[in-house]
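What follows is a short report on a single structure.
In the working numbering, the protein residues as written are 4 to 157.
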């Protein structure tokens, strides 16, 4: 993201796995969006939460968010801010142009991709300004008068 901090929401983090879910029966899942049998990490009656959180399956789930990005994401100027968003929303397909002139269909593009690109493009000047303010130990709230002066100049 713009200032190198962990995002406030897991959807924009590089990896997943910090928002586990324990169901009423004690089953532990890596995320509330992936409460499916294939993603079951175990049950608290059989294993400790720490053991399941540090399991190979949980680690792989988290890293897959970053490692399974489609080519379009890897080439996107907003990857630093979006990180492909939530894997649960990665169900769109698109035509990927290859270096040798060919094309292939790729899957895994986030359904919200176009909207996020528009959003990040719109907020970029304001985010850049706040980043500059923070680097000078100033309050990011100073973006408000700056933004107002920009809209008056238009």
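Glycine residues also receive a C-beta, built at the ideal position from the N, C-alpha and C atoms. It should be emphasised that the depicted structure is a prediction, and the values quoted were computed from it without experimental measurement.
Check, Outcome
"Boundaries of the alpha helix (DSSP H) in which residue 77 is found, first to last residue", "74 to 77"
"Cβ neighbour criterion (16 or more within 10 Å) applied to residue 75", "buried"
"Reduced DSSP category for residue 106 - H, G, I as helix; E, B as strand; rest coil", "strand"
"Residue(s) in a DSSP beta bridge with residue 45", "31"
"Rounded distance between the beta-carbons of residue 18 and residue 52, thought under 8 Å", "About 19 Å; that fails the 8 Å criterion."
"Option nearest residue 82 by Cα separation, candidates 103, 122 and 142", "122"
"The segment 58 to 65 contacting the segment 27 to 44, beta-carbon criterion three pairs below 8 Å", "yes"
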